[in-house]
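These notes concern the structure reproduced below.
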Amino acid sequence: MRSAVSVASLLLLMATSVFAADEVVEKQIDEKPVSADDASVDESAAEREAWAKNLFEGRCQMCHQLPEPGMLKPQQWKLILMTMQQRMQQAGVPQLTKDETERLLEYLTPRAR
């Protein structure tokens, strides 16, 4: 029951997040580019993971507190990412690209419960 409460709490937090579009757009990710278009084709698994971690931390914290990857199951993360895409669109925030979404799921899936 505790995990159901945690999942419900996380979903409620994300559903009630208020987007301040002007603040969100100003936030920058310092270490790596947000766009996967700049990523090397020959990057190592470690570089790919570091890029995805930076994307996760940078983009998600722009609007709300960063959730723990282990709080949700892989399928729940997929649903959350789709929901957040809709919220970004509503707030006028640049959405994640298909590649960015795939990389986030690659990062979150092994860390999910």
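Just so you know, the sequence shown maps onto residues 254 to 366 in our numbering. Quick reminder that beta carbons are idealized off the backbone N, C-alpha and C, glycines included.
Distance between residue 300 and residue 344 (C-alpha atoms, nearest Å) = For this step, residue 344 is matched to residue 91 along the sequence shown. For this step, residue 300 is matched to residue 47 along the sequence shown. Near 31 Å, if we compare the C-alpha coordinates of residue 300 and residue 344.
For residue 361, which of helix, strand or coil comes out of DSSP?
-> As a first step, residue 361 must be located in the sequence shown, where it is residue number 108. Helix.
Nearest-angstrom Cα distance between residue 330 and residue 296?
-> In the sequence shown, the residue the question calls residue 330 occupies position 77. In the sequence shown, the residue the question calls residue 296 occupies position 43. Cα to Cα, the separation comes out at about 25 Å.
Residue 310 versus residue 352 - alpha carbon distance = For the purposes of this step, residue 310 is identified with residue 57 of the sequence shown, where counting begins at 1. For the purposes of this step, residue 352 is identified with residue 99 of the sequence shown, where counting begins at 1. About 16 Å.
Limits of the alpha helix (DSSP H) - the one that residue 311 falls within | Indexing the sequence shown from 1 puts residue 311 at position 58. Element bounds for residue 311: 298-313.
Exposed or buried, residue 360, counting other C-beta atoms within 10 Å across all chains shown (16 or more means buried)?
-> Residue numbering aside, residue 360 sits at position 107 when the sequence shown is read from its first letter. By the neighbour-count rule (16 or more Cβ atoms within 10 Å), residue 360 is buried.
Does the separation of the CB atoms of residue 305 and residue 356 fall below 8 Å?
-> As a working note, residue 305 is residue 52 in the sequence shown. As a working note, residue 356 is residue 103 in the sequence shown. It is a contact, given that the beta carbons lie within the stated cut-off.
Is residue 332 buried or exposed, if buried means 16 or more other CB atoms sit within 10 Å of its CB?
-> One-based indexing of the sequence shown puts residue 332 at position 79. Answer is exposed; the Cβ neighbour count stays below 16.
Please state whether DSSP places residue 366 in a helix, a strand or coil.
-> Against the sequence shown, residue 366 aligns to sequence position 113. Note: residue 366 maps to coil in three-state DSSP.
Tell me whether residue 335 is buried or exposed, calling it buried when 16 or more other Cβ atoms sit within 10 Å of its Cβ.
-> As a first step, residue 335 is located in the sequence shown; it is residue number 82 there, counting from the start. Under this definition residue 335 is an exposed residue.
Looking at residue 365 and residue 327, is the spacing between their C-beta atoms short of 8 Å?
-> Walking along the sequence shown from the start, residue 327 turns up at place 74. Walking along the sequence shown from the start, residue 365 turns up at place 112. The answer is yes: Cβ separation under 8 Å.
With a floor of 4 residues, list each alpha helix (DSSP H) that falls wholly inside the region 307-356, ordered by position along the chain.
-> Counting only runs of at least 4 residues, the region 307-356 fully encloses the following alpha helix (DSSP H) elements, listed from N- to C-terminal order: 327-344.
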